[in-house]
Amino acid sequence: MKFLKLDFPPYATGLEIAWFFAFRAICIAIFVFLVAPILVIIPLSFNKESFFSFTSGMLALKPEAYSLKWYRDIFANGMLAPDAPLSLDWFKDSWMRSQWMIALKNSIFVGVSATAVATTLGTLASVGLSRPEMPYRGLITGILISPMIVPIVITAAGMFFFFSQIGLSQTYIGLVLAHALLGTPFVVITVTATLTSFDRSLMRAAANLGANPLTAFFKVQMPLILPGIISGGLFAFITSFDEVVVVLFLAEPDQRTIPRQMWSGLREQVSPTILAVATILILISLVLLMSLELTRRRMERLKMDAHS
Amino acid sequence: MKKWNGKLMLLGAVGTLAMSVAAAEAAQLTVISWGGAYTKSQTEAYQKPWMAKTGNTIVSADYNGGLAEVKAQVESKNVTWDVVDVETSEAISGCNDGLFEKIDASKLPKGDNGASPMDDFVPGAITDCAISTIAYANVFGYDSTKFAGDKPTKVADFFDLKKFPGKRGLKKEAKVNLEMALMADGVAAADVYKVLATKEGVDRAFKKLETIKGSIVWWEAGAQPPQLLASGEVTMTTAYNGRLFTPAVTENKPFVIVWDGQQQVFDTWAIPKGSKNKDLALDFIAFSTGTKPLADQARYIPYGPARKSSAPLVGKFQDDKTDMAPHMPTNPANMGNAIVQDVKFWADHYDELNERFVSWIGK
Amino acid sequence: MHQTFDQKTLTRQLAAAERRNKVKAFLLVLPLLLFVLASFIVPIASLVWQGGYSDTFANALPETSKLLGAWDSRSPVSEDLVKSFVTELKASKLKDPAIPTRVATVVNREQSGSVSKFKQVMSASDLASPYKEKLSALSSEWDKPDIWRAMKIVAPSFTPRFYLQAVDLRLTAEGDIKPESDENAIHLLLFGRTLMVAALVTLFCALLGFPIAYLLAHAETKTSNMLLIIVLLPFWTSLLVRTTAWIALLQQNGVVNDFLVAIGLIDNDHRLVMMYNMFATLVAMTHVLLPFMILPMFSVMKTIKANLVRAALSLGATPWTAFWRVYFPQTIPGLGAGCLLVFILAIGYYITPALVGGQSGQLISNIIAFHMQKTLNWSLASAIATLLLIGVLLLYWLYNRLVGIDKMKLA
Numbered sequence: 000m001k002f003l004k005l006d007f008p009p010y011a012t013g014l015e016i017a018w019f020f021a022f023r024a025i026c027i028a029i030f031v032f033l034v035a036p037i038l039v040i041i042p043l044s045f046n047k048e049s050f051f052s053f054t055s056g057m058l059a060l061k062p063e064a065y066s067l068k069w070y071r072d073i074f075a076n077g078m079l080a081p082d083a084p085l086s087l088d089w090f091k092d093s094w095m096r097s098q099w100m101i102a103l104k105n106s107i108f109v110g111v112s113a114t115a116v117a118t119t120l121g122t123l124a125s126v127g128l129s130r131p132e133m134p135y136r137g138l139i140t141g142i143l144i145s146p147m148i149v150p151i152v153i154t155a156a157g158m159f160f161f162f163s164q165i166g167l168s169q170t171y172i173g174l175v176l177a178h179a180l181l182g183t184p185f186v187v188i189t190v191t192a193t194l195t196s197f198d199r200s201l202m203r204a205a206a207n208l209g210a211n212p213l214t215a216f217f218k219v220q221m222p223l224i225l226p227g228i229i230s231g232g233l234f235a236f237i238t239s240f241d242e243v244v245v246v247l248f249l250a251e252p253d254q255r256t257i258p259r260q261m262w263s264g265l266r267e268q269v270s271p272t273i274l275a276v277a278t279i280l281i282l283i284s285l286v287l288l289m290s291l292e293l294t295r296r297r298m299e300r301l302k303m304d305a306h307s
Numbered sequence: 000m001k002k003w004n005g006k007l008m009l010l011g012a013v014g015t016l017a018m019s020v021a022a023a024e025a026a027q028l029t030v031i032s033w034g035g036a037y038t039k040s041q042t043e044a045y046q047k048p049w050m051a052k053t054g055n056t057i058v059s060a061d062y063n064g065g066l067a068e069v070k071a072q073v074e075s076k077n078v079t080w081d082v083v084d085v086e087t088s089e090a091i092s093g094c095n096d097g098l099f100e101k102i103d104a105s106k107l108p109k110g111d112n113g114a115s116p117m118d119d120f121v122p123g124a125i126t127d128c129a130i131s132t133i134a135y136a137n138v139f140g141y142d143s144t145k146f147a148g149d150k151p152t153k154v155a156d157f158f159d160l161k162k163f164p165g166k167r168g169l170k171k172e173a174k175v176n177l178e179m180a181l182m183a184d185g186v187a188a189a190d191v192y193k194v195l196a197t198k199e200g201v202d203r204a205f206k207k208l209e210t211i212k213g214s215i216v217w218w219e220a221g222a223q224p225p226q227l228l229a230s231g232e233v234t235m236t237t238a239y240n241g242r243l244f245t246p247a248v249t250e251n252k253p254f255v256i257v258w259d260g261q262q263q264v265f266d267t268w269a270i271p272k273g274s275k276n277k278d279l280a281l282d283f284i285a286f287s288t289g290t291k292p293l294a295d296q297a298r299y300i301p302y303g304p305a306r307k308s309s310a311p312l313v314g315k316f317q318d319d320k321t322d323m324a325p326h327m328p329t330n331p332a333n334m335g336n337a338i339v340q341d342v343k344f345w346a347d348h349y350d351e352l353n354e355r356f357v358s359w360i361g362k
Numbered sequence: 000m001h002q003t004f005d006q007k008t009l010t011r012q013l014a015a016a017e018r019r020n021k022v023k024a025f026l027l028v029l030p031l032l033l034f035v036l037a038s039f040i041v042p043i044a045s046l047v048w049q050g051g052y053s054d055t056f057a058n059a060l061p062e063t064s065k066l067l068g069a070w071d072s073r074s075p076v077s078e079d080l081v082k083s084f085v086t087e088l089k090a091s092k093l094k095d096p097a098i099p100t101r102v103a104t105v106v107n108r109e110q111s112g113s114v115s116k117f118k119q120v121m122s123a124s125d126l127a128s129p130y131k132e133k134l135s136a137l138s139s140e141w142d143k144p145d146i147w148r149a150m151k152i153v154a155p156s157f158t159p160r161f162y163l164q165a166v167d168l169r170l171t172a173e174g175d176i177k178p179e180s181d182e183n184a185i186h187l188l189l190f191g192r193t194l195m196v197a198a199l200v201t202l203f204c205a206l207l208g209f210p211i212a213y214l215l216a217h218a219e220t221k222t223s224n225m226l227l228i229i230v231l232l233p234f235w236t237s238l239l240v241r242t243t244a245w246i247a248l249l250q251q252n253g254v255v256n257d258f259l260v261a262i263g264l265i266d267n268d269h270r271l272v273m274m275y276n277m278f279a280t281l282v283a284m285t286h287v288l289l290p291f292m293i294l295p296m297f298s299v300m301k302t303i304k305a306n307l308v309r310a311a312l313s314l315g316a317t318p319w320t321a322f323w324r325v326y327f328p329q330t331i332p333g334l335g336a337g338c339l340l341v342f343i344l345a346i347g348y349y350i351t352p353a354l355v356g357g358q359s360g361q362l363i364s365n366i367i368a369f370h371m372q373k374t375l376n377w378s379l380a381s382a383i384a385t386l387l388l389i390g391v392l393l394l395y396w397l398y399n400r401l402v403g404i405d406k407m408k409l410a
């Protein structure tokens with residue numbers, strides 16, 4: 000079905016043609032609903048005033064109603080000398096002191112560490128779960144995926160009480176473990192899905208040829224399930240990068256991540272700087288998604304060229 | 000081979016990040032305040048000069064008041080906040096409950112005019128566990144473009160939905176709201192706390208609040224009231240006076256403050272019990288409550304310094320054009336119908352009144 | 000070299016080999032299982048425990064608790080009880096100055112006004128025998144049974160009173176269960192509201208998601224992938240960002256109101272109130288959860304063969320009948336999976352109602368967080384959280400039975 004193909008067959012009734020357009024109108028409306036909020040953020044981040052509303056100057060497209068000050072604030076907020084001239088020292092000051100830079104460092108550190116833990120444990124578990132002889136597979140899979148289903152407030156509250164008692168509250172380790180926990184369900188789901196199409200006889204062939212189980216895993220199984228591992232890892236990273244409730248309960252001010260900083264920006268500071276951060280994040284997501292799509296298309300073309 | 004190189008690089012990157020994250024932790028103080036324009040004024044007047052003078056770092060974070068977070072930290076024996084900006088009533092009740100470290104006020108520096116700290120600080124500014132920095136006022140403000148004819152001038156106008164239609168912004172807390180309701184209901188400023196101490200008085204306050212309940216938009220953060228006015232969600236809202244001043248002066252927003260019925264409060268610095276940086280915290284408090292820093296913060300926000308020696312140093316706003324004096328809560332022109340918050344009353348009754356308030360909101 | 004063909008030995012060896020394989024498979028899963036157990040199951044179990052246990056009063060005032068247990072809650076309190084109360088309360092302050100107020104707060108939750116009474120006792124310096132008279136002199140409240148009854152309720156460490164409060168019931172001093180007073184009975188209301196919001200959001204997501212999934216499944220790959228990016232872009236954007244965007248769109252001076260005024264549908268003085276209320280919660284949650292509905296439906300619709308519909312049409316069915324009676328039933332697995340997933344996620348939502356819901360759009364997760372962070376009534380927060388958890392687990396079990404966890408696909 001082509002979206003905008005307009006050559007109707009001669010037997011198409013009036014009702015069918017009307018539905019054709021109505022259906023497309025509905026779909027366009029829903030797409031607008033999906034995308035409009037994202038698009039609205041971008042011009043608002045250039046607001047000269049410190050409010051979340053479009054000023055009359057902005058709507059009239061006057062250039063003096065727009066400003067880059069919130070983008071500057073991302074670097075400057077928290078600096079010792081934000082008005083110093085732009086130099087290497089300025090960037091050093093910003094990198095060490097700016098609240099958003101600290102949040103960025105924390106987000107990446109926690110995200111990468113949590114993803115590493117989640118991917119390792121999750122892949123291992125998936126390999127075990129996909130074996131036909133695995134006992135209690137349904138029950139255990141249910142338990143392993145439950146962190147994704149249980150409401151985040153419950154997880155965060157439970158962790159807060161428990162970690163406080165064992166001294167893991169307000170520590171990086173506690174935060175990384177918490178985020179790893181939230182990321183493993185995604186890894187388990189994607190890797191088990193990939194493993195369903197994995198040909199078990201390859202492992203038997205490797206054993207036949209003299210490989211021990213470890214070698215067989217790394218040299219035969221892992222390369223083939225790598226797309227699943229990467230996809231699961233990506234989901235786990237995004238989950239950690241976007242997570243705010245657990246951080247609200249478990250992190251001290253020094254360990255704030257980007258979402259925690261945004262939460263603070265929405266509640267206590269109410270500053271449009273978070274809109275500037277949001278625009279940057281949206282653009283990064285867009286670039287990532289587009290490049291994934293382009294890579295996929297290139298690989299398909301290569302596959303087709305190879306076959307033709 | 001390529002795979003292993005990639006993994007090594009990743010490990011290296013994480014390691015460097017970890018080091019830079021850890022390096023930022025040397026000799027630092029965690030200071031908690033109320034966010035927005037207020038934290039900005041403290042950053043400029045207290046934190047930056049102190050960091051420049053001592054070479055230490057300050058990690059600044061915001062909260063919305065109340066003792067809950069401090070209680071949770073002290074109770075779970077995991078105190079990460081070093082200095083907290085608390086209102087006087089919380090400072091007193093928190094001190095009674097052993098939530099704050101005791102501070103010896105005689106060790107504070109003398110005023111720039113030579114006065115001893117006990118003489119220089121205004122009465123009520125020094126308590127066992129806390130030192131006052133500034134006095135601010137709870138007022139209400141409105142968007143002048145929303146009312147074409149008469150403008151609100153007294154507290155009772157806040158509760159007049161017919162003459163001044165539109166929603167009202169109120170802080171999601173019993174403090175300030177109960178006194179405001181009584182004053183709007185006709186209680187004289189001098190009698191407010193006497194009436195509020197009786198059960199009938201409390202019922203009367205809730206009854207008055209009930210008359211506007213359907214039109215209330217609740218705010219929690221000090222930075223929200225100007226946002227609510229700017230977005231049109233409310234036409235009138237209570238606020239900390241400095242938060243309405245800043246957008247009115249720096250961004251020419253049509254926000255007007257009504258001083259009738261203002262309620263003055265002291266903000267103080269306190270140190271949660273068990274803080275790991277107690278000495279550093281005391282040094283910061285001693286510095287920031289000096290004559291000059293207190294006068295300096297008035298360059299950024301119209302809050303009155305707690306030291307008498309700072310008053311003559313208060314001049315103009317940071318734009319060097321606007322005089323701060325007319326916007327100060329203590330200016331006689333603004334004190335026509337004002338009360339000073341009864342901190343002992345709230346130290347004793349906050350828990351139970353706020354519990355009733357929260358249930359009332361929930362229905 | 001010949002092997003002995005011993006049937007029994009071979010069976011035993013096979014059984015042993017199979018057991019070894021099972022153990023090997025289990026060992027692979029063990030690290031993650033232990034991790035989930037330690038950092039997830041155990042904390043949640045401690046939450047369930049905390050909902051039924053609160054020893055603040057009993058720890059601070061052990062003798063008084065014993066005497067309160069023996070008291071019949073109706074007759075006047077004995078001098079022994081009052082003496083024990085005053086002495087233990089004063090002594091507790093020496094142990095830790097925070098204890099008296101903590102105890103007072105616990106009692107205050109059962110009897111409003113207790114905190115100030117306790118503070119009175121703490122600041123009185125001349126309390127000695129006869130204690131009962133001395134307390135009466137401080138305040139007439141001590142003569143009434145109310146505050147003593149409240150203490151009797153909070154004295155036992157193991158108590159069902161938090162779980163009861165979570166369903167709007169109250170434990171009395173005699174041990175009866177009574178319904179909560181009207182002003183305080185908000186929990187059942189919130190549970191009901193949460194279920195209703197989750198159901199509405201699921202309905203909206205289903206209605207909006209079905210056409211999109213249909214379009215994606217039937218478009219050619221290039222177009223469908225581009226459209227899939229449009230669907231996934233909100234998914235990859237931070238939740239806080241999306242919620243902020245809705246604030247900017249729906250507020251009084253927001254884009255939607257400005258647009259409606261510009262095209263003349265409403266006039267400037269009567270802008271729609273769409274923010275900080277239930278409407279905002281519904282709209283924002285639908286927007287956030289829509290991709291979770293679209294993806295499962297899309298993956299199921301992709302597998303539906305077109306020839307069945309064509310066959311129906313060729314047999315004389317109208318397009319509507321062909322759709323409703325041939326196509327739609329085949330989409331039900333995807334629709335069911337999406338609906339259940341969205342419903343389960345919606346029930347636990349916290350961030351979106353907290354930011355845009357105002358007061359009328361608060362859900363049960365918000366009150367759990369409220370008790371965690373503001374009132375510090377951790378036992379009540381735990382009790383409510385446990386009830387929510389039980390509800391979610393029931394739905395999760397249902398999802399597993401009908402759809403199967405292992406069949407969850409993430410595109």
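Protein chains in written order, with numbering that gives the first Met the number 0: chain A, 0 to 307; chain B, 0 to 362; chain C, 0 to 410. Built from N, CA and C at the ideal position, the CB exists for glycine as well.
Tell me, which residues are paired with residue i by DSSP?
i                      : result
residue 237 of chain B : B/139
residue 65 of chain B  : Per DSSP, none; premise fails for residue 65 of chain B.
residue 60 of chain B  : B/31
Answer yes or no: do residue i and residue j have a C-beta to C-beta separation smaller than 8 Å?
i                      : j                      : result
residue 329 of chain B : residue 134 of chain B : yes
residue 127 of chain A : residue 133 of chain A : yes
residue 224 of chain B : residue 236 of chain B : yes
residue 230 of chain C : residue 233 of chain A : no
residue 70 of chain B  : residue 98 of chain B  : yes
residue 60 of chain B  : residue 266 of chain A : no
By Cβ distance below 8 Å, which residues in the same chain neighbour residue i in space, the five residues on each side in sequence not counted?
i                      : result
residue 247 of chain A : 155, 259, 262
residue 140 of chain C : 112, 116, 146
residue 335 of chain C : 401, 402
Excluding five sequence neighbours on each side, which residues of the same chain lie with their C-beta closer than 6 Å to the C-beta of residue i?
i                      : result
residue 56 of chain C  : 102, 105, 153, 154
residue 82 of chain C  : 130
residue 370 of chain C : 376, 379, 380
residue 21 of chain B  : Bear in mind that the predicted position of residue 21 of chain B carries a pLDDT of just 49, short of 50, making it unreliable; the figure below should be weighed with that in mind. Cβ neighbours of residue 21 of chain B beyond the five flanking positions: none.
Is it buried or exposed for residue i, if we count other Cβ within 10 angstroms and need 16 for buried?
i                      : result
residue 50 of chain C  : buried
residue 202 of chain B : exposed
residue 299 of chain A : exposed
Go through its chain and collect everything with a Cβ distance to residue i's Cβ below 7 Å, but skip five positions before and after it.
i                      : result
residue 142 of chain C : 135
Residues within the region 139-160 of chain B neighbouring chain C, beta-carbon criterion of under 7 Å: Of all residues in the region 139-160 of chain B, none places a beta-carbon less than 7 Å from a beta-carbon of chain C.
Output, in sequence order along the chain, the residues in the region 94-110 of chain B whose CB is closer than 8 Å to any CB in chain C. Those residues of the region 94-110 of chain B that come within reach of chain C (Cβ to Cβ, closer than 8 Å) are 95, 96, 97, 98.
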